[in-house]
Structure formats: C-alpha cells, structure tokens
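Undergrad:
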Amino acid sequence: MQAQQADDVAFLCDWLRRAAQAIEERRDVLSALDAAIGDGDHGANMARGFRAVAEKLRD
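Quick note on numbering: the sequence shown equals residues 1 to 59 in UniProt numbering.
1) Once DSSP output is grouped into helix, strand and coil, what is the label at R26?
2) Would you tell me roughly how many angstroms separate the C-alpha atoms of M46 and K56, rounded to the nearest one?
3) Are there 16 or more other CB atoms within 10 angstroms of the CB of A20, so buried, or fewer, so exposed?
4) If I follow the unbroken alpha helix (DSSP H) through G43, where does it start and stop?
5) Should G43 go down as buried or exposed, given a rule of 16 or more other Cβ atoms within 10 Å for buried?
Right, dumping it as structure tokens:
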C-alpha cells in the first residue's frame, strides 16, 4: 500500500472509531428524536451498527 493510501486508511479508521464513540454517547438523544416520528430505536440501532464496525477495526 502506498504511503498516501495508508494515511487515508488510518484517517478513515480513526474517524469511524470516533463516530462510533460519539453515537454511543448520544444514543439516547438519537432515540428520543426518533420517537417523535418513529419507533424510538434509531439511536440504539446506530450504536449497535457502529459498535460492530469498531470491533471489526480492532481485528
């Protein structure tokens, strides 16, 4: 992998980890917003999905 590609991959992986953390921290807020027009599980579903991504990045 070329240096620029390696930097891009590292940047993307870091961004995904930070996004997973931010979504986990705001899970309840996202679900509350969703409850106004939906079933109120959007935050939990996003947190679960990003948690899975973060776990794959550790592998």
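Here a beta-carbon is modelled for each residue, glycine too, at the ideal position from N, C-alpha and C.
TA: The structure says:
1) coil
2) 15 Å
3) buried
4) 42-58
5) buried
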